[in-house]
Each structure stands twice: as C-alpha cells, then as structure tokens.
Amino acid sequence: MEIRMAWGKLNPVYQDALQIRKDVFIAEQGIDPQLELDGTDEDKMHYVGYEDDQPVTTARIDMLAGNRVKIQRVATEKDARHHGYAGELIKQIIQDAKKSDVTRVELDAQQTALEFYQELGFTVIGDVFEEAGIPHRTMRYTIA
1 MEIRMAWGKL
11 NPVYQDALQI
21 RKDVFIAEQG
31 IDPQLELDGT
41 DEDKMHYVGY
51 EDDQPVTTAR
61 IDMLAGNRVK
71 IQRVATEKDA
81 RHHGYAGELI
91 KQIIQDAKKS
101 DVTRVELDAQ
111 QTALEFYQEL
121 GFTVIGDVFE
131 EAGIPHRTMR
141 YTIA
C-alpha cells in the first residue's frame with residue numbers, strides 16, 4: 001500500500017480522504033454530514049492509503065499542544081476492510097510522530113474498534129462517551 005499525506009483541503013489527497021469519509025461515516029454509519037464535515041479539515045494533515053492507486057483508507061491528524069497529536073476520522077472503504085490497510089496507516093502515523101517532537105498520540109475510538117487499536121499499542125484512558133450517537137473511548141499511545 002502506498003501512503004500519501006497532505007495538509008489542508010486544496011489537494012487530491014484530501015479529496016480522496018473526503019470521499020472515503022463520506023462513504024463510511026455518512027452513507028454507511030448514518031452520521032449527520034454537518035457533524036462529519038466539521039469545518040476543521042483546512043487545519044489538519046490528511047493521510048490516505050492507496051492500493052493499486054485506489055484510495056482505500058484514511059485518517060486525519062490534529063496537532064495538539066504539549067507535543068501531542070490526535071488521530072481522527074479513521075475510515076476504510078467497506079470492500080477494503082480486513083486487509084490490514086488501516087493498521088498500516090496508523091503505524092505510519094506513529095512512525096511520522098516518532099520523527100518529530102511528539103510524545104503522545106491520542107484518538108477517540110469507536111467502542112467496536114478498541115481491540116484494533118489495543119493491538120497497535122494504544123491504551124484506554126477515559127470512560128465511554130457518545131459522539132455522533134456512537135459510543136467512544138479515548139485512547140493513547142505513548143512514544144518512548
């Protein structure tokens with residue numbers, strides 16, 4: 001899988017990320033488009049994984065204070081699931097974080113994805129909360 005990344009919205013990587021998010025979060029999970037398209041994409045780094053030049057998985061990164069980043073909007077096209085694409089993408093994000101001054105990677109995982117993130121080294125740090133009508137837990141990966 002080839003992984004591409006780009007800052008902001010004025011690039012083809014963002015357009016591919018946006019299509020995956022619309023397919024997964026809006027069409028498949030029924031999330032309100034106004035919640036999904038929250039108006040902050042311009043200030044984020046967007047990652048997209050491509051298999052045979054087709055976009056299959058995505059995530060966006062928010063730079064936080066205190067040498068932290070937050071992974072958001074992780075999604076994989078339905079027909080591309082169970083191939084390890086999202087895991088590979090998350091590992092790349094962690095590798096990129098290790099190359100900078102980042103000490104912690106955080107995310108809010110849908111309850112159904114906790115095991116997936118735990119297998120990648122994330123630990124649960126918060127109680128269950130609801131976002132867009134879906135139960136989530138905050139998780140953290142600490143960079144040694």
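Quick note on UniProt numbering: the sequence shown kicks off at 1 and runs consecutively.
Every residue gets a Cβ at the ideal spot worked out from N, C-alpha and C, and that includes glycine.
What you are looking at is a predicted structure, and each value in this text was computed from that prediction instead of being measured.
Check: Hey, how far is the Cα of VAL105 from the Cα of THR112?; Outcome: 19 Å
Check: Quick one: what does DSSP say PHE129 is sitting in, helix, strand or coil?; Outcome: strand
Check: If I measure Cβ to Cβ from ALA132 and keep anything under 6 Å in the same chain, skipping five residues before and after, which residues do I get?; Outcome: ILE31 and LEU35
Check: Which same chain residues, not among the five before or five after ALA65, have their C-beta less than 7 Å away from its C-beta?; Outcome: none
Check: Out of ALA97, TYR85, ARG4 and GLU2, which one is the CA nearest neighbour of ASP62?; Outcome: ALA97
Check: Going by CA-CA distance only, name the one from ALA80, VAL56, ARG21 and LEU120 that's closest to LEU107.; Outcome: LEU120
Check: Can you tell me which of the three DSSP states GLY87 falls into?; Outcome: helix
Check: Among residues of its own chain, excluding the 5 on either side of GLU42, which ones have a beta-carbon nearer than 8 Å to its beta-carbon?; Outcome: GLY8 and LYS9
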